[in-house]
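Visitor: Have a look at the structure that comes next, please.
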Amino acid sequence: MGELTSFVLQHLTDDTARLILDKARWPDVDMDLAVNCIESRRKLRGKVQEWYDEPELIFPLKLSAEQCSSSGTARYKAQLACRIAGKGLKIADLTGGFGVDSWFFSKVADEVLYNEMLPALADAARHNFSILGAGNIKVCNRTVSTEDSISDILDGFAPDIVYMDPARRGEGGRKVFLIEDCQPDVLGLKDGILQLSRHMLIKLSPMADITMVADRLGSHCREIHIIGAGGECKELLVWMDREWNGEYSIITSEIHADSTEYQTFKFKPSEERSCSPAILQMPSDAAGWWLFEPGKALMKSGAFNTVSERFSIGKLGRSTHYYMTSSPEKAEELKAYGKVFRIIRSCPLDKRTMKAAGKEFPKAEVTARNIPMDTDTLRKKLGTASGDLIHIFGLRSDISGNILLVTER
């Protein structure tokens, strides 16, 4: 075990600011690199556990650990690449970064070209891939821009797929969400890349507007994947195909930490426009019914009418994206796509019902949607403290007005 590795493992829980101040105590240790390795390892724990568990890996930039894909999202991209081009494909990752995506691509590909513009990251990736036994990854350190030749970067490598994860940071580290503000310039590079490779995969900010992304990328946009995990929308992933010239599909996938299977929901924007949601006529007493809250990926997709029609479930309102069903079988099916709550009580939302609910259920999670108060205000009016078992909703029904639902997961 090297001196750097030994130091990092011994000081993994130390205050890194103090280590920098006391670096004279360890004159033979590159303290800046050591601190970056320590802080990166902390971020990788649970995110890319396979790398956290390998003590010999080095990480020169902690920001790259923050921005890299998780094991779950990287595995998803590798499986998608395999679906697109088949096993044994060749893939070029032009924005290699930490190398997590390239490493997962290497598990399904015959050859991977990893290219990173920052020399320190490229050197670290070369070392890390060797430690990890990924001998089918070729490491390059070349600039990617509209002024540079993609052919020169590929240098004879003929990829089935080109993957890009453009940096979403502007001047001063400011986060950017528009595709044209990311670097390298995907919009300026895509036509040249598609001349050399039939397929492109592009990772974008989960905050990016789907319609705007599809419009900017043009008619070769075939699929837009929205990846959710841990209760968050994690990534937007675009598949471009130079032989595709039709309507794109939107695919949502929820990744669960304990599974490599993904429950997907696929639709086209035209389908959403043509669907008419079934606006729910609230029963006089909804106790025993189930409330469905779509997961973050499904919410991001905008498939609000399609969900109602495809699952045959009632929607509370055109602008209230919550659904109800009296079928336990349907409730069980919906668990794969979001959260399902069993309704204990339903009533109109007013001062009296809020006071009564807060008194009976003093510990509860609270959510307000599409009513004249936010979640914090509703929580204060209920007088509840946080709790895991009960969840109280204040929601707007197009037919019944503002309603209060007391539920349990």
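For reference, each letter of the sequence shown is one residue, going 337 to 745 in our numbering. All residues carry an ideal CB built from backbone N, CA and C; glycine is no exception.
(1) Per DSSP, Tyr450 is paired with what?
(2) Go ahead and pull the three-state DSSP assignment for Lys675.
(3) Which first and last residues belong to the beta strand (DSSP E) in which Ala704 is found?
(4) Pull up the CB-CB distance for Ile374 and Asn464, whole angstroms please, since I reckon it's below 8 Å.
(5) Starting from Ile563, follow the beta strand (DSSP E) in both directions and report where the run begins and ends.
(6) Quick one: is Met536 buried, meaning 16 or more other Cβ sit within 10 Å of its Cβ, or exposed?
(7) Alpha carbon to alpha carbon, what distance is there between Asp710 and Ile680?
(8) Grouping DSSP H, G and I as helix and E and B as strand, with all else coil, what is Glu571?
(9) Take every Cβ of the region 513-532, pair it with every Cβ of the region 436-446, and state whether three or more of those distances are shorter than 8 Å.
(10) DSSP three-state label for Ala623, please.
(11) Please name the residue, chosen from Val344, Ser637, Arg732, that lies closest to Gln617 on a Cα-to-Cα basis.
(12) At a cut of 8 Å, does the region 625-633 reach the region 670-677 through at least three beta carbon pairs?
(13) For Ala410, which residues in the same chain have their Cβ closer than 6 Å to its Cβ, ignoring the five residues on either side in sequence?
(14) Taking all protein chains shown into account, decide if Leu572 is buried (16 or more other Cβ within 10 angstroms of its Cβ) or exposed.
(15) Nearest-angstrom Cα distance between Val480 and His561?
(16) Quick check on the burial criterion: 16 or more other C-beta atoms within 10 angstroms. Buried or exposed for Ala421?
(17) First and last residue of the alpha helix (DSSP H) that includes Met690?
(18) Could you please give the first and the last residue of the uninterrupted alpha helix (DSSP H) stretch that includes Arg534?
(19) DSSP three-state label for Asp577, please.
(20) Between which two residues does the alpha helix (DSSP H) carrying Gln403 extend?
(21) Going by the C-beta, is Met576 closer than 7 Å to any heavy atom of the ligand ATP?
Guide: With the given structure in hand:
(1) Asp429, Val475, per the DSSP bridge assignment.
(2) Note: Lys675 maps to strand in three-state DSSP.
(3) Boundaries of the beta strand (DSSP E) around Ala704: 701-705.
(4) Your pair Ile374 and Asn464 does not check out as a contact, with CB atoms roughly 16 Å apart and the cut at 8 Å.
(5) Ile563 -> beta strand (DSSP E) spans 557-565.
(6) With 16 or more Cβ atoms within 10 Å of its Cβ, Met536 is classed as buried.
(7) Ile680 and Asp710 have their C-alpha atoms spaced approximately 22 Å apart.
(8) Reduced to three states, the DSSP call for Glu571 is strand.
(9) A contact between stretches requires three or more CB pairs, one per stretch, nearer than 8 Å, and the region 513-532 fails this requirement with the region 436-446.
(10) Residue state for Ala623 is assigned as coil, using DSSP reduced to three classes.
(11) For the residues Val344, Ser637, Arg732, the minimum Cα distance to Gln617 belongs to Arg732.
(12) The region 625-633 and the region 670-677 touch, with no fewer than 3 CB-CB distances between them shorter than 8 Å.
(13) Take Ala410, set aside five residues on each side of it, and the residues of its chain with a beta-carbon closer than 6 Å to its own are Val436, Asp437, Phe440, in chain order.
(14) Result: buried.
(15) CA-to-CA, the gap between Val480 and His561 works out to about 25 Å.
(16) By the neighbour-count criterion, in which a residue is buried when 16 or more other Cβ atoms sit within 10 angstroms of its Cβ, Ala421 is buried.
(17) For Met690, the uninterrupted alpha helix (DSSP H) run begins and ends at 687-696, by DSSP.
(18) Where Arg534 is concerned, there is no enclosing alpha helix (DSSP H), given that its DSSP letter is neither H nor E.
(19) Correct three-state label for Asp577: strand.
(20) Unbroken alpha helix (DSSP H) run through Gln403: 398-403.
(21) Questions concerning the ligand ATP fall outside what the structure shown contains, since it holds no ligand whatsoever.
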